[in-house]
Amino acid sequence: MFAHNGIRAKCFLRLQRRFVTDKLTEHRSTTGQLGVPKRKDAVSPYSFPSDPDALLVEGSKLSLGERWYQRFSVGFPFIALAAVLSIPLGLATFLSTAQSRKKKNEAPVPSQPRLWDAKPLPPLLKAKELGRLIHTKKPAIVVYFRHSQDNEKLNALNLLFVLLKEISDLKGSPVDVYRVNVKEEFPYFNPYLKEELRTSDETYLQLVIPSVPESNVMPILPPVSVASFVSQLSKLLGGFNVKFRKDEAYSRSLDKALTNYKRCLFDLKLEGKTEFIQGYSLQQLDTDCRKLLSTSKK
Numbered sequence: 359m360f361a362h363n364g365i366r367a368k369c370f371l372r373l374q375r376r377f378v379t380d381k382l383t384e385h386r387s388t389t390g391q392l393g394v395p396k397r398k399d400a401v402s403p404y405s406f407p408s409d410p411d412a413l414l415v416e417g418s419k420l421s422l423g424e425r426w427y428q429r430f431s432v433g434f435p436f437i438a439l440a441a442v443l444s445i446p447l448g449l450a451t452f453l454s455t456a457q458s459r460k461k462k463n464e465a466p467v468p469s470q471p472r473l474w475d476a477k478p479l480p481p482l483l484k485a486k487e488l489g490r491l492i493h494t495k496k497p498a499i500v501v502y503f504r505h506s507q508d509n510e511k512l513n514a515l516n517l518l519f520v521l522l523k524e525i526s527d528l529k530g531s532p533v534d535v536y537r538v539n540v541k542e543e544f545p546y547f548n549p550y551l552k553e554e555l556r557t558s559d560e561t562y563l564q565l566v567i568p569s570v571p572e573s574n575v576m577p578i579l580p581p582v583s584v585a586s587f588v589s590q591l592s593k594l595l596g597g598f599n600v601k602f603r604k605d606e607a608y609s610r611s612l613d614k615a616l617t618n619y620k621r622c623l624f625d626l627k628l629e630g631k632t633e634f635i636q637g638y639s640l641q642q643l644d645t646d647c648r649k650l651l652s653t654s655k656k
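Its first residue numbered 359, the sequence shown is counted upward by one per residue in the working numbering.
See the structure below:
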């Protein structure tokens with residue numbers, strides 16, 4: 359029985375080989391190509407692509423996993439290259455920005471002008487030096503001032519110093535002018551002066567008039583104009599037999615320069631350009647202000 363089954367199996371194998379051989383012969387005769395004929399619906403991944411210039415294998419020839427792998431293998435080098443290039447570039451940009459910020463923070467900030475260091479202005483006194491004015495032989499105006507960070511207040515303070523210096527330099531003027539920085543010298547003032555300064559504005563003026571046995575000290579108002587201030591001083595000093603000859607022509611010229619400068623400061627404020635103007639005469643202040651005003655209008 360087993361022998362009979364073996365004979366049947368051999369016969370089946372012979373028939374199958376014969377069928378395959380006949381199919382190959384038929385395929386060669388019709389196409390002229392070697393190989394096993396394939397079904398029309400089967401697509402081989404190794405067959406020639408429809409587009410010879412295509413970078414990727416046609417998706418119809420690959421499985422879903424193969425398609426994803428193909429896309430990843432093509433895109434990953436570009437992603438890696440972009441990362442390799444962007445990281446150093448980003449690091450360089452970050453370091454450059456950080457360094458520029460550091461330099462900007464370390465850059466010296468222009469300090470506010472120190473009016474008390476300007477030599478052409480009236481001399482600066484320490485609190486301990488005020489005692490020598492008790493026995494002075496010449497009238498003196500002492501300006502107690504508080505330094506400000508505001509340019510508008512700085513301009514007003516500098517104008518006061520310049521104006522008093524101009525009045526002190528008038529022909530026939532017997533008056534000296536001194537300045538005292540309240541912030542630096544306040545702890546060394548006497549209690550009476552401290553109380554006066556606490557209730558005063560930005561500036562406080564005292565007129566020291568020589569007398570025996572001690573000089574007379576009285577508060578005075580800041581000048582509004584040269585002519586009116588000189589007239590006030592002349593009356594006060596005249597009461598103590600101190601002559602103040604008035605140069606009216608020069609006083610009028612100073613008042614004209616003062617008016618022009620104040621008008622220029624007002625115009626600058628309207629232009630929104632309030633800057634500190636440092637000068638040592640009314641004429642210089644007016645000239646510098648007009649230069650600044652002309653540049654702001656361009």
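We treat Cβ as the ideally placed atom computed from N, Cα and C, and that holds for glycine.
Tell me the residue span of the alpha helix (DSSP H) that contains residue i.
| i | result |
| --- | --- |
| I499 | First-last for I499: 498-503, but that is the beta strand (DSSP E), not the alpha helix (DSSP H). |
| R490 | Note, R490: premise wrong, no alpha helix (DSSP H); not H, not E. |
| Y638 | It is not in any alpha helix (DSSP H) - Y638 carries neither H nor E in the DSSP assignment. |
| E606 | 606-628 |
| G596 | 584-596 |
Tell me whether residue i is buried or exposed, calling it buried when 16 or more other Cβ atoms sit within 10 Å of its Cβ.
| i | result |
| --- | --- |
| R472 | Its pLDDT being 48, under 50, R472 is placed unreliably by the model, and nothing is read from it. |
| E524 | buried |
| V582 | exposed |
| Y562 | buried |
| G530 | exposed |
| G596 | exposed |
| L579 | exposed |
| E606 | exposed |
| Y546 | exposed |
| A450 | exposed |
| S609 | buried |
| F519 | buried |
| V566 | buried |
| N513 | buried |
| Y619 | buried |
| A615 | buried |
| A400 | Caution is warranted here: a pLDDT of 49 is assigned to A400, below 50, making its placement in the model unreliable, and no coordinate value can be reported. |
To the nearest angstrom, how far is the alpha carbon of residue i from that of residue j?
| i | j | result |
| --- | --- | --- |
| S421 | R429 | 12 Å |
| K485 | Y536 | The question names Lys, but residue 485 in the sequence shown is Ala. A485 and Y536: Cα-Cα distance of roughly 12 Å. |
| R504 | R556 | 11 Å |
| K495 | T653 | 48 Å |
| K511 | H493 | 33 Å |
| P435 | E633 | 60 Å |
| K631 | C647 | 11 Å |
| Y427 | P446 | 29 Å |
| P568 | F544 | 25 Å |
| L497 | P532 | As written in the sequence, residue 497 is Pro, which differs from the Leu given in the question. Computed Cα separation, rounded: 6 Å. |
| L517 | V600 | 27 Å |
| S526 | Q457 | 53 Å |
| A438 | G448 | 15 Å |
| V674 | I499 | Residue numbering for the chain in the displayed model covers 359 to 656; residue 674 lies beyond these limits and cannot be assessed. |
| V588 | Q507 | 30 Å |
| D613 | Q636 | 19 Å |
| T617 | Y502 | 24 Å |
| V467 | S573 | With a pLDDT of 43 at V467, under the threshold of 50, the modelled position of this residue cannot be trusted; read the value that follows with caution. Cα-Cα distance, rounded: 45 Å. |
| P577 | R459 | 51 Å |
| G539 | E629 | Correcting the residue type first, residue 539 is Asn in the shown sequence and not Gly. Their Cα atoms are separated by approximately 32 Å. |
| L443 | G423 | 30 Å |
| C622 | L651 | 7 Å |
| L483 | L453 | 51 Å |
| K603 | P480 | For clarity, residue 603 is Arg in the given sequence; the question names Lys instead. Distance between the alpha carbons of R603 and P480 is about 21 Å. |
| A465 | T455 | Residue placement at A465 cannot be trusted, given a pLDDT of 45 that sits under 50; what the coordinates show is reported in the next sentence. Spanning the two alpha carbons is a distance of roughly 15 Å. |
| P571 | L521 | 31 Å |
| Q564 | V575 | 6 Å |
| K649 | S611 | 21 Å |
| N509 | Y638 | 17 Å |
| S592 | S586 | 10 Å |
| F624 | E560 | 20 Å |
| L491 | L626 | 40 Å |
| L551 | L488 | 11 Å |
| Q590 | L515 | 21 Å |
| L594 | D534 | 15 Å |
| P549 | L528 | 35 Å |
Alpha helix (DSSP H) runs contained entirely in the stretch 492-580, provided each spans 4 or more residues: For the stretch 492-580, whole alpha helix (DSSP H) runs of length 4 or above, ordered along the chain, are 509-526, 540-543, 549-556.
Three or more C-beta pairs below 8 Å linking the stretch 553-572 and the stretch 639-649: no
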